[in-house]
Amino acid sequence: MHDPVLRPVLTASVVLGAAVGVFGISFGVGAVSAGASVAQACVMSLLVFTGASQFSVVSVIGAGGSTLSALSGALLLAARNGAYSLTIGRVLPGSVARRMVAAQLTIDESTAMAVAQREPRAQRTAFWITGLSVYVFWNAGTLVGALIGTSVDPVTFGLDAAFPAGFVAMVWPVLGHRRGRVAAGLGAAICLALIPVTPVGVPILCASLAILVGIPAGHSPERAPGRFPETPI
Amino acid sequence: MSWALVLGLAAGAYAFKLLGFFALGQREIPAVIERCMALIPAALIAALIVKDTIGDGQHLHLDERILGVAAATVAVWRRAPFVVVIVIAAAVTGGARAITGA
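Those sequence lines, one after another, are chains A and B. Just so we're aligned, residue 199 is where the first sequence starts under my numbering, counting upward by one. Just so we're aligned, residue 7 is where the second sequence starts under my numbering, counting upward by one.
Written out as structure tokens, the structure reads:
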């Protein structure tokens with residue numbers, strides 16, 4: 199491909215996909231050590247396909263949390279894809295089937311790559327290439343990780359620290375603005391305070407109350423958030 | 007982990023993704039909802055970091071994980087690639103356990 203606009207998009211989406219593949223491996227390892235079967239880990243990546251929610255579910259279930267608390271927290275994290283779909287839906291017309299496929303690929307990475315382009319044609323191309331690249335790598339990574347996870351002891355190799363480390367990388371970009379820092383600090387504090395006194399999973403749900411710091415309109419020139427992805431996964 | 011959870015999450019997550027393509031059309035989300043939704047990852051992921059670093063079921067438990075996550079945080083701050091962050095976290099945590107015999 200020699201198109202000067204699309205070539206960098208292609209390169210970036212493959213690099214991004216490869217990085218996501220590593221993340222997929224850590225998800226696969228974590229999922230099976232939290233009690234999921236290889237099939238469950240793979241089906242989750244194929245059908246759910248939104249990293250933060252999948253990590254959250256595995257993390258809560260692995261610690262002994264209830265299905266309901268795991269599901270609620272994960273769905274809250276998945277809600278932002280609804281905001282992305284508003285943005286992508288506008289630049290991606292097409293048949294019902296086409297939009298249904300596009301919807302499944304509407305995640306942080308594909309949205310970020312699409313909105314970074316100027317013209318609609320490049321936006322659509324960036325969306326599809328990135329979405330498909332991430333889909334392939336994420337699922338391949340999950341399978342590899344799930345197979346590794348059944349054959350190594352995660353604690354011996356320190357793989358239980360891989361999850362929170364991945365979360366640190368995910369949360370880092372949102373700490374760039376003040377509201378993100380306040381919400382993160384409050385969320386962490388709520389979780390810390392509730393771990394000893396509530397069932398597993400509940401502290402994560404209650405931490406979502408920290409998003410209420412977004413209510414005041416504020417005077418800062420921050421771009422209206424929500425439309426654009428701020429986490430890498 | 008139950009299949010109901012896997013499939014329930016799949017259905018719910020897909021429903022959110024379909025929203026903008028079909029249900030909401032050209033409608034705008036109120037700005038206040040948008041501002042709050044944008045903070046969901048910050049609030050929840052920060053909580054997950056706390057839980058996975060020093061939580062152990064319903065107890066707080068300081069162990070080698072905190073060293074690995076601290077090292078990973080430095081790596082993230084130094085803009086290390088994702089794979090390096092993960093490897094550092096696992097290597098420091100696993101290494102510390104090997105040394106302490108935990």
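Glycine included, every Cβ here is placed at the ideal spot set by N, Cα and C.
Rounded to a whole number of angstroms, what is the C-alpha to C-alpha distance between C5 of chain B and V12 of chain B?
Here chain B has residues from 7 to 108 only, and residue 5 of chain B is not among them.
I need the straight-line Cα distance from L45 of chain B to V380 of chain A, nearest angstrom please.
9 Å
Taking all protein chains shown into account, decide if E317 of chain A is buried (16 or more other Cβ within 10 angstroms of its Cβ) or exposed.
exposed
For L68 of chain B, which three-state DSSP category applies?
coil
Here's the rule I'm using: 16 or more other beta-carbon atoms within 10 Å means buried, otherwise exposed. How should D358 of chain A be labelled?
buried
Do V255 of chain A and L15 of chain B have their C-beta atoms within less than 8 Å of each other?
Yes, they are a contact pair.
What residue does the alpha helix (DSSP H) around W370 of chain A start on, and which one ends it?
No alpha helix (DSSP H) holds W370 of chain A; DSSP gives it neither H nor E.
Where A95 of chain B and V372 of chain A are concerned, what is the direct C-alpha to C-alpha distance, given to the nearest angstrom?
21 Å
Can you tell which of A:S308, A:A281, A:R297 has its C-alpha closest to the C-alpha of W336 of chain A?
Ranking A:S308, A:A281, A:R297 by Cα distance to W336 of chain A puts A:S308 first.
Could you compute how far the alpha carbon of T304 of chain A sits from the alpha carbon of G287 of chain A?
C-alpha separation (whole angstroms): 9 Å.
What's the C-alpha gap between G383 of chain A and L214 of chain A?
Between G383 of chain A and L214 of chain A, the C-alpha separation is close to 28 Å.
Which value, in whole angstroms, describes the spacing of the CA atoms of V289 of chain A and A300 of chain A?
11 Å
With distances taken between CB atoms, is the gap from W9 of chain B to Q238 of chain A smaller than 8 Å?
yes
Note down the Cα distance separating A268 of chain A from A234 of chain A, rounded to an integer number of angstroms.
13 Å
Answer yes or no: do A363 of chain A and G74 of chain B have a C-beta to C-beta separation smaller than 8 Å?
Cβ atoms of A363 of chain A and G74 of chain B: closer than 8 Å.
Is T106 of chain B close to chain A, meaning its C-beta is less than 8 Å from at least one C-beta of that chain?
no
Could you run through the region 36 to 49 of chain B and flag, in chain order, every residue whose CB is less than 7 Å away from some CB of chain A?
Flagged, chain order: A37, V38, E40, R41, C42, M43, A44, L45, I46, P47, A48, A49.
Whole angstroms are fine: how far does the CA of A295 of chain A sit from the CA of I105 of chain B?
56 Å
Using DSSP with H/G/I as helix, E/B as strand and the rest coil, what is G63 of chain B?
Under the three-state reduction of DSSP, G63 of chain B is assigned to coil, being neither helix nor strand.
When DSSP labels each residue in this structure, what does A96 of chain B get in the three-state scheme?
When DSSP states are grouped into helix, strand and coil, A96 of chain B belongs to the helix group.
According to DSSP, is R297 of chain A part of a helix, a strand, or is it coil?
helix
With distances taken Cα to Cα, identify the nearest neighbour of R278 of chain A among B:A48, B:M7, B:T59.
B:A48
Take every Cβ of the region 55 to 73 of chain B, pair it with every Cβ of the region 396 to 409 of chain A, and state whether three or more of those distances are shorter than 8 Å.
yes
Between which two residues does the alpha helix (DSSP H) holding M242 of chain A run?
236 to 245
DSSP three-state label for E40 of chain B, please.
helix
Check whether the Cβ atoms of V258 of chain A and I402 of chain A sit closer than 8 Å, and answer yes or no.
Taking C-beta atoms as the reference points, V258 of chain A and I402 of chain A count as a pair closer than 8 Å.
Can you tell me which of the three DSSP states M311 of chain A falls into?
helix
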